[in-house]
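Going by the UniProt record's numbering, the sequence shown opens with residue 1, and the numbers climb by one from there.
Ideal placement from N, C-alpha and C gives every residue a C-beta, glycine not left out.
Take a look at the structure below.
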Amino acid sequence: MYRHVPRSLPLIPTARVSRNHLSAPRLSNGLPYHSARDFSQNSAFLLPDPLQQNDPAEERRDQNNDVPTFKTTILRMFETAATTFASIAVLGIAGYSYHQYYKYLILQKMENAFNPGDPALEVAGVQAPKPDYQHEEHWVLRDEQPRIDQIVSGDSRGRYYLMIGEKGTGKTSMLLEGMRKVDGDGCSMFEAHGDLEIFRIRLGKALDFEFHEDYIGSLFSIKGPRDTTPLLDIERAFNKLEKVAMTRRRGGKTPLILIINSTHLVRDDHDGQDLLEMIQQRAEQWAASNLVTTILNSDDYWVYERLKRYATRMEVIPVSDLPKDRAIDALRNYRKRYHNEEPSYEILQQVYDKVGGRLSFLNRVAKSKDIMELCDGICQAEKTWFLNKCWILGEEMDDDVMDQQKFASAAMVLAKALVEKEKEMGNTYDPERGHILPEIPLHEAREIMTRADFIQSYDHENIFTIDSRAMVRADSVPMQNAFRDICAVENFDEHLEGTLTRISDIESLGRTRELTIKDLWNQGKYQLAMRDYKGRESGSAEFSVVEKPEEDEKDD
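Here it is, written out as structure tokens:
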């Protein structure tokens, strides 16, 4: 009967609403409250939701939970510690992983630097070997080339090498030719420099080593290598190179080849000597263990003197000018290649008589249109270089240039000694070998100059040269011709003697001290009293200056 009538709710006189709910207004007992009655959104009557009413017991439980206890404190401490430990662990694992990866990457990059193909070959424009390659078409086959090829290919082990010879004899070209034959496999080459910072950069470029400059371990609070001198960075690079060489040796491969070109450019001072000593220590160690074969290339003799002191496994490879027959053949081939012409033997012999067997001179002559004119120009250039560096000023020179004139006069004395030695030699020209330049032992050359320190500067200036046998001679055939021409100048001996006398006088004046008694100026006198042993005056004496009488000129 009342099935479709909505259920009514009992009358609620008051309604308690917790928190932000408003209390319902009191209603009269006679008004029924129906749940199905529609109310607008703006109705002032807000009915309570039975589901949102809080239980008093639950409120008390929440209040009790808000009060910290020992158990909750310990739990929160463990939670904080676990979070901190996890953060540190993640940072440590990431930093350690990056550090190990960086070390692995360094070794991989350095190993890749010794793969076939070397930047030195690309810079020099040397191409890889071809099947139809003929050696004589591109280069002069020297007697030292097979030995260089054996060393660069890794077949010669247990030694390290010093190539020494004059500038322009073809030392670097032979090394590049040996690297070309193996396509730079296992080889790395770089140029030395007097500044250690530049030396460090060039070594890093050759080994593909950044010296930890790209290291970002500081992001993980890992301190990188400390900054210090270039010598320590070079030592670090050698340490990495040693690890790469050990890995290569375990794989059964040949030793690595490290070529340091132009070693004479390293300064002969404290830092330069430390650098050479460090390189030699590594070279000795690597040669003994068949890890790395080191090749040093130098134009100056002083490098040999520094390395000779501690050398055990070092071998010296001297490189000199070509003999006459080889030089003439090379000049003929070069001339045919560049100008497609073949000069007569007489012209080729005249060229050799003027410039000798120096490869750099022969190459320039072969490219020139007028051969004899360029030969005369080379001789004149060498003579001008010697005069600009070592010409003497004579007896009228000023004392301010004394140090430079000591350097110049010593060179002139040595040049004169070589010319006189040439006159004393019975044979100065061999039909097969060519020029036989006069040479003097190093200790005798220092005795002739009365100076022991100048000869190294002469060698560095390419005026005189010292070979591996410690023999001093002219740097080249044109330089010996210049010595001969200068010593043949009229009154050269008197000019040199006057310069030496002036230097001696200036040095004598520098060692002399002059004492002057001012009281004797302007006819001053000293009256001296003489007494006997009892103190009684026995006489007097007068001390004065007497003018020197002018001597009458005598007629001859």
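Integer Cβ distance of residue i from residue j, believed to fall under 8 Å
i, j, result
"Thr-293", "Pro-255", "5 Å"
"Asn-363", "Tyr-334", "7 Å"
"Val-140", "Ala-330", "4 Å"
"Glu-177", "Thr-465", "Not confirmed; about 24 Å, so no contact."
"Met-397", "Leu-496", "The Cβ separation is near 12 Å, so there is no contact."
"Asp-325", "Glu-494", "Contact flag wrong, Cβ pair sits at about 43 Å."
"Arg-313", "Gly-158", "7 Å"
"Val-152", "Met-110", "Going by Cβ atoms, the distance from Val-152 to Met-110 rounds to 19 Å, so no, they are not a contact pair."
Straight-line Cα distance separating residue j from residue i
i, j, result
"Asp-459", "Arg-473", "10 Å"
"Val-546", "Asp-453", "48 Å"
"Arg-147", "Leu-175", "10 Å"
"Leu-520", "Thr-512", "21 Å"
"Gln-281", "Met-425", "43 Å"
"Ile-257", "Leu-105", "21 Å"
"Gly-357", "Ile-506", "43 Å"
"His-138", "Arg-337", "Note that His-138 scores 49 on pLDDT, short of 50, meaning its location in the model is unreliable; the coordinates nonetheless yield the value given after this. C-alpha separation (whole angstroms): 9 Å."
"Lys-253", "Gln-150", "15 Å"
"Ser-43", "Ala-86", "Residue placement at Ser-43 cannot be trusted, given a pLDDT of 46 that sits under 50; the coordinates are not used to answer."
"Lys-171", "Ile-259", "12 Å"
"Ala-94", "Tyr-301", "53 Å"
"Thr-169", "Ala-408", "27 Å"
"Ser-289", "Asp-370", "54 Å"
"Pro-230", "Ala-82", "45 Å"
"Ala-287", "Cys-375", "44 Å"
"Ser-262", "Ile-295", "11 Å"
"Leu-121", "Ile-164", "22 Å"
"Leu-359", "Tyr-96", "56 Å"
"Lys-71", "Thr-84", "20 Å"
"Arg-451", "Asp-467", "19 Å"
"Pro-430", "Glu-144", "Here residue 430 is Asp; the residue named in the question, Pro, does not match the sequence. Using only the alpha carbons, I get a separation of about 22 Å."
"Glu-277", "Phe-492", "45 Å"
"Asp-532", "Ser-540", "12 Å"
"Gly-377", "Phe-209", "45 Å"
"Ile-88", "Arg-249", "40 Å"
"Phe-78", "Tyr-101", "34 Å"
"Gly-92", "Glu-191", "41 Å"
"Pro-343", "Tyr-310", "50 Å"
"Leu-265", "Ala-470", "20 Å"
"Phe-242", "Glu-284", "A small fix is needed here, since residue 242 is Glu in this sequence, not Phe. About 13 Å."
"Ser-173", "Asn-239", "29 Å"
Residue burial classification, residue i (beta-carbon count within 10 angstroms, cutoff 16)
i, result
"Gly-524", "exposed"
"Ile-392", "buried"
"Leu-348", "buried"
"Val-401", "exposed"
"Asp-299", "buried"
"Lys-354", "buried"
"Met-189", "buried"
"Gln-405", "buried"
"Asp-322", "According to the sequence shown, residue 322 is Leu rather than Asp. Result: buried."
"Ser-23", "Only weak support is given to the placement of Ser-23: the predicted model assigns it a pLDDT of 44, under 50, and the value that follows is read from those uncertain coordinates. That one is exposed."
"Leu-196", "buried"
"Ser-476", "buried"
"Asn-462", "buried"
"Ser-18", "The pLDDT assigned to Ser-18 is 44, lower than 50, so where the model puts this residue is not dependable, and the model offers no usable value."
"Val-123", "exposed"
"Ala-245", "buried"
"Met-372", "exposed"
"Ile-279", "buried"
"Ala-327", "buried"
"Met-449", "buried"
"Leu-509", "exposed"
"Asp-160", "Position check: residue 160 holds Tyr in this sequence, whereas Asp was assumed. Looking at its Cβ environment, which holds 16 or more other Cβ atoms inside 10 Å, Tyr-160 is buried."
"His-443", "exposed"
"Glu-447", "exposed"
"Ile-74", "exposed"
"Val-489", "exposed"
"Asn-388", "exposed"
Test: residue i CB closer than 9 Å to a CB of chain C
i, result
"Gly-356", "Here there is only one protein chain, and chain C is not present."
Residue i: CB within 8 Å of a non-hydrogen atom of the ligand FMN
i, result
"Asp-195", "Summarising the ligand content, the structure contains no ligands, and the ligand FMN is consequently not present."
Original post:
Counting pairs of Cβ atoms below 8 Å between the segment 489–502 and the segment 198–212, do you hit three or more?
Top reply: no
Subject >> Whole alpha helix (DSSP H) elements within the UniProt domain "AAA protein C-terminal winged helix" (388–507), 4-residue minimum >> reply: 402–424, 442–449, 454–460, 477–487
Original post:
For the segment 438–454 against the segment 418–426, are there 3 or more C-beta pairs whose distance is under 8 Å?
Top reply: yes
**OP:** Spell out a yes or no on whether the segment 302–316 and the segment 271–288 are touching, meaning 3 or more CB-CB pairs, one atom from each, closer than 8 Å.
**Re:** yes
Original post:
With contact counted as at least three CB pairs below 8 Å, one residue from each stretch, are the segment 478–486 and the segment 381–391 in contact?
Top reply: Yes, the segment 478–486 is in contact with the segment 381–391.
**OP:** Give a yes or no on contact between the segment 232–239 and the segment 262–269, applying the rule of three or more CB pairs nearer than 8 Å.
**Re:** Inter-segment contact for the segment 232–239 and the segment 262–269 is absent: fewer than three beta-carbon pairs are separated by less than 8 Å.
Subject >> the segment 172–187 contacting the segment 109–125, beta-carbon criterion three pairs below 8 Å >> reply: yes
**OP:** Taking only runs that begin and end inside the segment 326–379, name each unbroken beta strand (DSSP E) of 3 or more residues, in chain order.
**Re:** Unbroken beta strand (DSSP E) stretches of 3 residues or longer found wholly inside the segment 326–379: none.
Original post:
Where in the segment 223–308 do unbroken runs of the alpha helix (DSSP H), each at least 4 residues long, occur, reported from the N-terminal end onward?
Top reply: 230–250, 270–289, 302–308
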